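I have placed the structure first, in the form of structure tokens, so that the comments after it can refer back to it.
Number of protein chains: 2
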Amino acid sequence: MELIKNAIGRLVPTEINGEKQIPYQGVGIYKPDGVKQAPRISSNSDFPVDGNKTVASIKEALIKAGIKDGMTISTHHHFRDGDLIANQVFDIAKELGIKNLRWFPSASFPCHTHLLKYLEDGTINRIEGSMNGALGKFCSEGKMKGTAVLRSHGGRYQAVQDGDVKIDIAVIGAGCADSFGNANGLYGKSASGLLGFALADSEYADKVIVVTDNMVPFPCIPWQIQGNYVDYTVVTDKIGIPEKIVSGTTQITKSPDRLLLAELTAKFCDITGIIKDGFSFQTGAGGTSLSVSLYFKEIMEKRGIKARFARGGSNKYLVEMLEKGLIDYILDGQTFDLEGVRSMAENKNHVWTSPFTSYNYHSKGNFAGMVDVVILGATEVDVNFNGNVVTHSDGYLLHGIGGWQNCLFSKTVILPIPLFRDRIPVIRDEVTTICGPGELIDVIVTERGIAINPLRTDLIEKVKNSGLPIKTIQELKEEAEKICGKPEKINFGEEVVAVIKWVDGTLIDSVRKVI
Amino acid sequence: MELIKNAIGRLVPTEINGEKQIPYQGVGIYKPDGVKQAPRISSNSDFPVDGNKTVASIKEALIKAGIKDGMTISTHHHFRDGDLIANQVFDIAKELGIKNLRWFPSASFPCHTHLLKYLEDGTINRIEGSMNGALGKFCSEGKMKGTAVLRSHGGRYQAVQDGDVKIDIAVIGAGCADSFGNANGLYGKSASGLLGFALADSEYADKVIVVTDNMVPFPCIPWQIQGNYVDYTVVTDKIGIPEKIVSGTTQITKSPDRLLLAELTAKFCDITGIIKDGFSFQTGAGGTSLSVSLYFKEIMEKRGIKARFARGGSNKYLVEMLEKGLIDYILDGQTFDLEGVRSMAENKNHVWTSPFTSYNYHSKGNFAGMVDVVILGATEVDVNFNGNVVTHSDGYLLHGIGGWQNCLFSKTVILPIPLFRDRIPVIRDEVTTICGPGELIDVIVTERGIAINPLRTDLIEKVKNSGLPIKTIQELKEEAEKICGKPEKINFGEEVVAVIKWVDGTLIDSVRKVI
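The listed protein sequences derive, respectively, from chains A and B. For the first sequence, counting from 1, position 392 maps to 392 in this note's numbering; every step adds exactly one. Position in the second sequence (from 1) plus 515 gives the number in this note's numbering.
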């Protein structure tokens, strides 16, 4: 594998899985010059005149779709850890003796540990998508046959749209569907809110299969997935485990350290004037982020301020703010609890979005740049503000990118992170894996101080004499090291087991085998 | 111009406007084997980071979009006879000295008579779209430089999707939009209900301009047109004449003859069991069709029957049925009055559709085939049940196809038509122009009897002993000729001034110059 140094100083392969790669060139430098992927033209005359595309089983649908060795099979992750579809698909592939598949999920979850055996026996060649837990460990240990490719939610849309990834068969689980293939995630026992992560798959895959446990008579309204893209529909007893799809409750952090991070973050946004009438924000579903939105809510109520929109992942707290009139719109990418699902079904100001509208970088703009402030996490940040979200400091690939890279284009990006985790400093000289360039990361909030990216002279000006504990990132790093000691180097092998794509499809970093 | 005979016996050109053509081969015979049109890949880095794409004027937008000789410019017809956009666009083109443009509207209206001078002076080479009134006459007289191409609403989507037509610049007027380009037709003084006819244009045009007289802060919800496809946005004082966009009232016919047609049609649907619980129908906005829906309503109320859905063009009568619970859903392609607009904005069971969902034949099915019964008009029908909707019996091209061809795929197609108009028989030995093949047209309802297509033995069986005035189409033709005399032959020139595309992009007929 030939490696070259990219614009952020990382070595990345020139070719992976037999396909030429483009090294990262900087933010907004690489310009695509081709045309979008052009799916085959279909004809209505090849589809049932009455619109009923139902076949007896997922197996029958896969066979009709022509499943064969080397194909790319996609699934979405709206069912999160309650997904019952992806495992079945590969059980069937195994049963049919199919080999060497590329699994192209929008994300994977612990429930997909089931697929390890298919990575081992060659049914699956590789995963292109996030690999949490055991799958990530498997990959990190160099056991996956192909090289993994990690993309952001927007990068996944971009890759499909641009033809970097050609999906042969998309299998789309839906809480509600009709026999024509119109589908949504709003109703039924396996309701997941929306199905936006499957949008690209429906539009561009050669064959599209919609699987539901809640078939309704045509028309299934709304059609988050349009039946006009769908080849086959399947009814099964159960496509997901409801309590694992939407947790029902979302936990606010009780950790005093994290509450402090959240409070400091909200205070920073207040003092710098980010929280103002008509502003917009995206927090997220982690404990700290949830707490940030509650502090935002307090400030907004106190000042009589309304947000124009909040980006979801939605949860009961955002829904409450919407219903109280503190937010005009929730622009939602996924619902994290039952309140999110209910609100999206009932309230037309709770709007379902997709990685196309929100995150696709190879588009005529997307929503990320219009968000005033986004609160994100990171496993590591370095002194140049570069961020890592995929590997731990021990080198293991244990998380996906999600929308993280895409959100970096928001007007202000704040990372509330603890100074150290398990006595391992989070702020480093260099991150283990660069997922996002420091120039896009504006503020690091830790329990021992706030570091502002020197590029944001406007923010630095605004916090002068504010009483906020402003420090340099170097100072924060040194504080952490004073407590935990200088972190040890990780033993990496030479082998590149995974690559990290930037939002434009170029390679921003490589992940090496852990030895 | 070389002509060949197609599968329905009509002579059609092998090439028009320098592009090779495929003759009609029969229903469902021609199979496309290529891939869809692949638009250029854009990059967010070429668009404003804050999402604000507003430029000062339509002129500036057209110049930035690179308007030049020979380009294809598209507009939509949701503003109907109240459109103030298309004329301005070509006024600007004229001012800039641009020549030889192809205008690709989704339909044209009398207000576009303004453009005749640009057809004359070479600013516009040709119109590909419906030509009502003066534009049609101009074309029929052989005065248009290029050859006109008429397509159905679905055929227009198909042509753009398949790359038969490459739109260089789409100009999309919208009653409501944000500076990013998200747009809908639901709100504002120029509300038109929806913008579905501009969907293909937004997705596939090289440059997309959204023009509004009602700019709202991001996000404009719902986004019937997605800003991610939009290059420039423009605010102007007035994009349409409200009273001509939505008439405010829709007239039920008062003509006893037409009421009779409507009543007979409804009775036919009742007796044949088409009107049953959970059925679906599409009528339309003409006086007769409106009356048909009112008769349907009466029957449904009497029998306690509910329709699963009605296809719009919506109007206050359909809205009333929806609100009374007689219809579960309106699947709407355009709103014909203010009640339609109100309902669509308020009621999530009043759903906006597009030619993609409803009519595109080069898709994995569309909605037309799922409609139980559709009531359509025609200028002429022949003894083989072939229908004409574009030319009058004097040979003049005076109407567009609209969704007519697409609707022929519904389960039962009924044409309530008078036996003659202005003492000219409507049922003929041969229609002047074939727009739809007889095998798809099931029933002709006239004031003097009902003719059922012999292919529909099921319907013929069902009306036995029903007391309905069933006749053969030959008998109906003879009755008309007894009253009006045998119609005279039209004097056509050799020159083909327009062609009629079938839903699959093949040529079903040609329109000759009238001499």
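Note that beta-carbon positions come from the ideal geometry of N, C-alpha and C, so glycine has one too. These numbers were taken from a predicted model, which means no experiment stands behind them.
Looking only at its own chain, which residues have a Cβ that is under 6 Å from the Cβ of residue i, when we skip the five neighbours before and after it?
i: B/GLY597; result: GLY755, ILE756, LYS759, ILE760
i: A/CYS484; result: PHE420, ARG423, PRO425
i: B/LYS704; result: PRO757
i: B/MET815; result: LEU841
i: A/VAL12; result: ASN6, PRO23, LEU507, SER510
i: B/LYS926; result: ASP887
i: B/GLU854; result: LYS831, VAL834
i: A/LYS517; result: Any question about residue 517 of chain A goes unanswered here, given that chain A covers just 1 to 515.
i: A/LEU331; result: PHE309, ARG311, VAL351, THR353
i: A/ASP442; result: THR412, VAL413, ASN453, ARG456
i: A/PRO39; result: TYR204
Out of the options, point me to the one whose CA is closest to residue i's CA.
i: B/SER873; options: B/TYR911, B/GLN920, B/THR906, B/PHE851; result: B/GLN920
i: B/PHE695; options: B/ILE932, B/GLY566, B/GLU813; result: B/GLY566
i: A/ALA200; options: A/GLY175, A/PRO219, A/SER192, A/HIS153; result: A/HIS153
i: A/ALA174; options: A/LYS238, A/ASP270, A/ASP164, A/LEU115; result: A/LYS238
i: A/GLU380; options: A/ALA368, A/LEU397, A/GLY369; result: A/LEU397
i: B/LYS460; options: B/GLU1009, B/ILE942, B/GLY612; result: Residue 460 of chain B falls outside the range modelled here, since chain B spans only 516 to 1030, and no answer is possible.
i: B/LEU983; options: B/LEU970, B/VAL960, B/ASP973; result: B/VAL960
i: B/LYS614; options: B/ILE588, B/CYS626, B/HIS592, B/VAL958; result: B/ILE588
i: A/LYS501; options: A/SER289, A/LYS53, A/ARG156, A/ASP46; result: A/ARG156
i: B/GLU534; options: B/CYS691, B/HIS592, B/GLY678; result: B/GLY678
i: B/ALA825; options: B/GLY644, B/PHE811, B/ASP548; result: B/PHE811
i: B/THR569; options: B/SER981, B/ASP897, B/GLY802, B/ASN729; result: B/ASN729
i: B/ASP636; options: B/SER572, B/GLY1008, B/ASP606; result: B/ASP606
i: B/SER762; options: B/VAL731, B/ARG666, B/GLY708, B/GLY742; result: B/GLY708
i: A/ILE172; options: A/ASN184, A/LYS166, A/GLN282; result: A/ASN184
i: B/THR947; options: B/ASP973, B/LEU779, B/GLY644, B/LYS1028; result: B/LYS1028
Can you check DSSP and say which residues form a bridge with residue i?
i: B/ASP897; result: B/ARG943
i: B/ILE496; result: Summary: the structure shown does not reach residue 496 of chain B, with chain B confined to residues 516 through 1030, and so no result is reported for it.
i: A/ASP83; result: A/GLY240
i: B/ASP1024; result: B/ILE1015
i: B/LEU526; result: B/LYS520
i: B/TRP618; result: B/ILE588, B/ILE642
i: B/GLY819; result: Partner(s): none; B/GLY819 has no beta bridge.
i: B/GLU534; result: B/ILE531
i: A/TYR232; result: A/ILE209
i: A/ALA148; result: A/ALA498
i: B/VAL888; result: B/PHE796, B/THR927
For residue i, I'd like the list of residues in its chain whose CB is within less than 8 Å of its CB, leaving aside the five on either flank, ordered along the chain.
i: B/HIS627; result: ASP598, ALA601, ASN602, PRO620, LEU650
i: B/MET586; result: ILE613, LEU616, ARG617, ASP683, ILE684
i: B/GLY964; result: PRO984, ILE985, LYS986, GLU990, LEU991, GLU994
i: A/LEU294; result: ILE252, ALA262, TYR317
CB-CB under 7 Å to residue i, same chain, minus the five flanking residues each way: which ones, in chain order?
i: B/GLU718; result: TYR744
i: A/ALA93; result: ILE67, LEU101, THR123
i: B/PHE624; result: HIS592, ARG595, ASP596, ASP598, ASN647
Requested in this report: Give, in chain order, every residue of the stretch 448 to 471 of chain A whose Cβ lies closer than 9 Å to some Cβ of chain B.
Outcome: none
Query - Residues, ordered as in the chain, of the stretch 363 to 387 of chain A that lie near chain B by beta-carbon distance below 9 Å - result: Of all residues in the stretch 363 to 387 of chain A, SER363, LYS364, GLY365, ASN366, PHE367, ALA368, GLY369, MET370 have a Cβ within less than 9 Å of some Cβ in chain B.
Query raised in the report: Curious, which full-length beta strand (DSSP E) runs of at least 3 residues does the stretch 306 to 358 of chain A contain?
Result: Runs of the beta strand (DSSP E) lying entirely within the stretch 306 to 358 of chain A and spanning at least 3 residues, in chain order: 307 to 311, 327 to 332, 350 to 352.
**Report entry** Residues in the stretch 629 to 653 of chain B having any Cβ partner in chain A nearer than 7 Å
**Finding:** Residues passing the 7 Å Cβ filter: none.
Report task. List in chain order: all unbroken alpha helix (DSSP H) runs of 4+ residues lying wholly within the stretch 978 to 1019 of chain B. Result -> 988 to 999
Query raised in the report: In the stretch 547 to 580 of chain B, which residues sit with their C-beta less than 8 Å from some C-beta in chain A, listed in chain order?
Result: PRO547, ASP548, GLY549, VAL550, LYS551, GLN552, ALA553, PRO554, ARG555, ILE556, SER557, SER558, ASN559, SER560, ASP561, PHE562, PRO563, VAL564, ASP565, GLY566, LYS568
Requested in this report: Could you pull out every unbroken beta strand (DSSP E) segment of at least 3 residues lying fully inside the stretch 678 to 739 of chain B, listed in chain order?
Outcome: 684 to 689, 722 to 727
Requested in this report: Pull out every residue of the stretch 347 to 363 of chain A whose Cβ sits closer than 8 Å to any Cβ of chain B, in chain order.
Outcome: LYS348, ASN349, VAL351, PHE356, THR357, ASN360, TYR361, HIS362, SER363
Query raised in the report: For the stretch 105 to 144 of chain A, which segments carrying the beta strand (DSSP E) assignment without a break, of at least 3 residues, lie completely within its bounds, in sequence order?
Result: 124 to 127
Query - Interface positions of the stretch 805 to 835 of chain B facing chain A (Cβ-Cβ less than 7 Å), listed along the chain - result: Cβ proximity to chain A below 7 Å picks out ARG823, PHE824 from the stretch 805 to 835 of chain B.
Report task. Scan the stretch 735 to 762 of chain B for residues whose Cβ lies nearer than 8 Å to a Cβ of chain A and list them as they occur along the chain. Result -> ILE736, PRO737, TRP738, GLN741, GLY742, ASN743, TYR744, VAL745, ASP746
Report task. Entirely within the stretch 393 to 453 of chain A and at least 3 residues each: give me those beta strand (DSSP E) ranges in chain order. Result -> When DSSP assignments are scanned along the stretch 393 to 453 of chain A, the uninterrupted stretches of beta strand (DSSP E) that are 3 or more residues long and fall wholly within it turn out to be 412 to 416, 443 to 446, 449 to 452.
Query raised in the report: Taking a cut of 7 Å between CB atoms, which residues from the stretch 77 to 109 of chain A lie near chain B?
Result: none
**Report entry** Short-range partners of chain A found in the stretch 533 to 544 of chain B, where Cβ spacing is below 7 Å
**Finding:** GLY543
Requested in this report: Anything in the stretch 721 to 733 of chain B with a Cβ closer than 8 Å to a Cβ of chain A? List those residues in chain order, please.
Outcome: VAL723, PRO732, PHE733
Query raised in the report: Fully enclosed by the stretch 549 to 581 of chain B, which alpha helix (DSSP H) runs are 4 residues long or longer?
Result: 573 to 579
Report task. Can you give me, in chain order, the residues of the stretch 163 to 184 of chain A that have a beta carbon less than 7 Å from any beta carbon in chain B? Result -> Flagged, chain order: PHE180.
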